[in-house]
Amino acid sequence: MKTKTPAIPYVVWMAVFVVVPLLLIVVYAFTNYDGKFTLENFTNLDVFLQVCGNSLYLAAVATAICLLIAYPFAYFLAQTGPTTRKVAMLFIMLPMWMNFLLRTYAWMSILENHGFLNQLLALVGIPPLHIINTDAAVILGMVYNFLPFMILPIFSVIEKLDRRYIEAAQDLGAGKLQVFRRVIFPLSVPGVISGIMMVFIPSISTFAISKLLGGGMSFLLGDLIEMQFLGSAYNPHLGSAISLMMLLLVIIAMLIMNRFGDGEEGAVMM
Amino acid sequence: MKKFAILLLALLLALPLAGCQKGQTERSINVYNWGEYIDESIFDDFEAETGIHVNYNTFASNEMLYSAIKGGGNSYDVIIPSDYMVARMGEEGLLMELDYSKIPNAQNIDERYLHPAYDTEQKYSLPYMWGTTGIIYNTTMVDKAPTSWMDLFTTDLKGQVLIFDNPRDCIGLALKALGYSFNTTDKDEIAAATDLLIKQKEDGIVQAYVMDQIFDKMINNEAAMGTYYAGDYLTMVEENPDLAFVQPEEGSNLFVDAMCIPTCSKNYEDALAFINFMCRDDIVLRNCEETGYSCPSATALEEMDEEMSADPVAYPGADILDKAETFGGLPEETLTFYDHEWIRICLAKVKY
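Laid out in structure tokens, this is it:
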């Protein structure tokens, strides 16, 4: 029998910082200013649905782009030698040593109409791009900030893949494409799924990226929640109700994702 | 992210408590102010003279201050909310009445700033600093200098205008453009202002809704016009001399930030001593020099450097001040309506 004593600090941590706040959100969501039970916070859903559609769309596009970039990258990285891997990993992790807001602020300067990017384009005679304060800038911000969370899980699944499966497939006459399509990709699905979740969930709840890069021109769920606490009307009850709805949305998204992946062991790593 | 935010919140809540416990052994007060809005070396002088240590924390918006005080668990002794937030907190019983017998320096304050709409009896607050809002514009990028709030809506410049990123200031300027009061509670007027802002966004005039990001954008010639505070314009123009500032003819917003003692304070006497200290002429002058904002003290203004006190942006003449209006408190229902209308603006899309 293993002792459970070492687990106590984690249990206490979870209770204080996860369970209690979650319960508080539930209590706030179902009460009004007088502390009485009410369902009123959930009745004004048309705004929520409108904002929700926009958030889901942007988060989905960002996640898809991340996947398209990350999968080939992780795949080829897994084929390289240990030195290249180490260097590549360092470069993936390096930006994360800096503050997230600082990095996003830097993107603002890069994407501005007279920013670095357009100055560079002007040098080679390409007309300036208008990216800042559009949905494209918000998606770019999401992709840039959350891409490592897509690369890392996919990479670690492909890296640990048993080479003998690939050799067996090749022995049985499978071509390169067939090996990838029927062996490598199915085996890497758990990594893809955890990557999708780790990009999609922060993307759908972000508010700093839409503020800085979107210039307030696109309004996301995170902005709507922030507004209930720091807007003109202080309404933690409505804010909690919206948070709860978003939580529900994320749970539904996770359930749908889980239907695609059979081997779930790999999906919870990291 | 959420876990981190909660952890941060817990730490923030714990901070003032820690400060409070310390206060039982040696005298200390907890001061909660806007960021970059005081000369912090003043705290050392205050401690040297009175033996009271100052624990200093900052907030980024009135709403943040409100949720910190309303949420409870804090023990601040002096807070510095703006006009409309003073009104709201006073009404909700979150502020203590000031004992003026302990604030002799209060008599230095100019009559103009006393007994304002947000605190008619001057019960809860004493003005700290003030300023105006207006239009900052780039003289090389506009054909005609703007003179009114309406110019922000009728301009031919597409994607060149920056607007306040908060409901009160943003809808407020549109209310003024239409000739209404900042403090109207008439839903039709607020809705009309919102429609004006939505049309402006749909027509592609707005480049972005920003707060402090405006510094970088105006300094780097990213936008032709933007709405912000006079004190911050003075900082921007040092970096970009092409910028100019105008208080619009319909009337600017005269904002006043005032010192108050919240009911959660446990050091009332020491808090009064601090407020009195902050009204002393030499301290006021140092503070204005550091922050660039305008002081409400008549006696300090007389002693001020001519160059500063004659600056029409920092200390505009009576013609502008008489037209300017200060934000008052709004009823809960109107505030909720503001949020509702603000979401309408946020969800509007540019029509190409």
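Quick note, the sequences are listed as chains A and B, same order.
If you read the first sequence in the working numbering, its first letter stands for residue 1031, the second for the next number, and so on.
If you read the second sequence in the working numbering, its first letter stands for residue 41, the second for the next number, and so on.
Here a beta-carbon is modelled for each residue, glycine too, at the ideal position from N, C-alpha and C.
In this text the structure is predicted, and so the values were computed from the model without any measurement.
Where residue i and residue j are concerned, what is the direct C-alpha to C-alpha distance, given to the nearest angstrom?
i	j	result
ALA1118/A	LEU1107/A	8 Å
GLU87/B	PHE367/B	34 Å
VAL94/B	ARG326/B	18 Å
ASN1163/A	GLU329/B	35 Å
PHE193/B	PRO288/B	13 Å
PHE1103/A	ARG384/B	41 Å
GLY199/B	VAL1154/A	25 Å
SER292/B	VAL277/B	20 Å
LYS395/B	LYS239/B	In the structure displayed, chain B extends from 41 to 392; residue 395/B sits before or after that span and is not available.
TYR378/B	PRO336/B	30 Å
SER1270/A	MET318/B	40 Å
LYS1241/A	SER221/B	29 Å
LEU197/B	LEU1141/A	20 Å
ILE92/B	LEU1086/A	53 Å
ASP359/B	GLU290/B	12 Å
ALA1198/A	VAL1219/A	20 Å
GLU242/B	TYR116/B	44 Å
MET1227/A	GLY1083/A	18 Å
LEU1124/A	VAL1229/A	18 Å
TYR82/B	GLY332/B	It is Ile, not Tyr, that sits at residue 82/B in the sequence shown. Approximately 16 Å, taken between the alpha carbons.
LEU1079/A	LEU312/B	49 Å
GLU279/B	GLY1221/A	49 Å
HIS380/B	THR1114/A	53 Å
TYR158/B	ILE315/B	19 Å
TYR77/B	THR303/B	23 Å
VAL1041/A	SER1248/A	39 Å
TYR1264/A	LYS1034/A	43 Å
ILE176/B	HIS1267/A	38 Å
LEU135/B	GLN162/B	12 Å
PHE1072/A	TRP189/B	38 Å
What do you get for residue i, buried or exposed, if any count of 16 or more other CB atoms within 10 angstroms of its CB means buried?
i	result
ASP1064/A	exposed
LEU357/B	Looking at the sequence shown, residue 357/B is not Leu but Gly. So GLY357/B counts as exposed.
ARG1193/A	exposed
LEU1195/A	Before going on, a small fix: residue 1195/A reads as Tyr here, not Leu. It is exposed - the Cβ of TYR1195/A has fewer than 16 other Cβ atoms within 10 Å.
TRP1043/A	exposed
TRP170/B	buried
HIS1160/A	exposed
GLY1111/A	exposed
ARG1212/A	exposed
LEU1278/A	exposed
GLN1208/A	exposed
ARG208/B	buried
ASN145/B	buried
GLN64/B	Unreliable positioning characterises GLN64/B in this predicted model, as indicated by a pLDDT of 47, which lies under 50. The coordinate reading is nonetheless provided below. By the 10 Å Cβ count, GLN64/B comes out exposed.
LYS257/B	buried
ILE1286/A	exposed
GLY266/B	buried
ILE1156/A	exposed
PHE1146/A	exposed
LEU128/B	Here the sequence assigns Arg to residue 128/B, which means Leu is not the residue at that position. By the neighbour-count rule (16 or more Cβ atoms within 10 Å), ARG128/B is buried.
ALA1059/A	buried
ASN1288/A	exposed
ILE1281/A	exposed
PHE1290/A	exposed
LEU1243/A	buried
Throw me the rounded Cβ distance for the residue i and residue j pair, which I believe falls under 8 Å.
i	j	result
PHE1176/A	CYS1096/A	6 Å
LEU236/B	ALA217/B	7 Å
GLU202/B	ALA270/B	Note on residue identity: the sequence assigns Leu, not Glu, to residue 202/B. 16 Å between Cβ atoms; not a contact.
ILE149/B	ALA338/B	7 Å
VAL71/B	TYR96/B	5 Å
LEU1274/A	ILE1055/A	6 Å
GLU132/B	GLY1261/A	Incorrect: roughly 17 Å between the Cβ atoms, too far for contact.
LEU395/B	THR224/B	The structure shown does not extend to residue 395/B, since chain B spans only 41 to 392, so no value can be given for it.
TYR268/B	LEU283/B	At roughly 11 Å, the Cβ-Cβ gap does not stay under 8 Å, so TYR268/B and LEU283/B are not in contact.
ALA364/B	THR187/B	At roughly 15 Å, the Cβ-Cβ gap does not stay under 8 Å, so ALA364/B and THR187/B are not in contact.
Considering only heavy atoms of the ligand FAD, does any lie closer than 8 Å to the CB of residue i?
i	result
ARG1193/A	Looking for the ligand FAD in the displayed structure turns up nothing, as the structure carries no ligands at all.
Output the residue ranges of the alpha helix (DSSP H) runs that lie fully inside the region 1111 to 1182 of chain A and measure 4 residues or longer, sorted by chain position.
1112 to 1123, 1130 to 1141, 1146 to 1153
With a cut-off of 8 Å, do at least 3 Cβ pairs link the region 336 to 349 of chain B to the region 359 to 376 of chain B?
no
Three or more beta-carbon pairs under 8 Å between the region 1220 to 1240 of chain A and the region 1167 to 1183 of chain A, yes or no?
yes
Hey, is the region 295 to 311 of chain B in contact with the region 112 to 126 of chain B, meaning 3+ C-beta pairs nearer than 8 Å?
yes
How do the region 1246 to 1257 of chain A and the region 1036 to 1052 of chain A stand: do at least 3 beta-carbon pairs fall below 8 Å, yes or no?
no
Just checking, does the region 248 to 260 of chain B make contact with the region 219 to 233 of chain B on the three C-beta pairs under 8 Å criterion?
no
Are the region 1128 to 1136 of chain A and the region 1177 to 1187 of chain A touching, with three or more C-beta to C-beta distances below 8 Å?
no
Minimum length 4: unbroken alpha helix (DSSP H) runs contained in the region 236 to 267 of chain B
254 to 259
Mind pulling the beta strand (DSSP E) runs of 3 or more residues that sit fully within the region 270 to 352 of chain B?
283 to 286, 294 to 300
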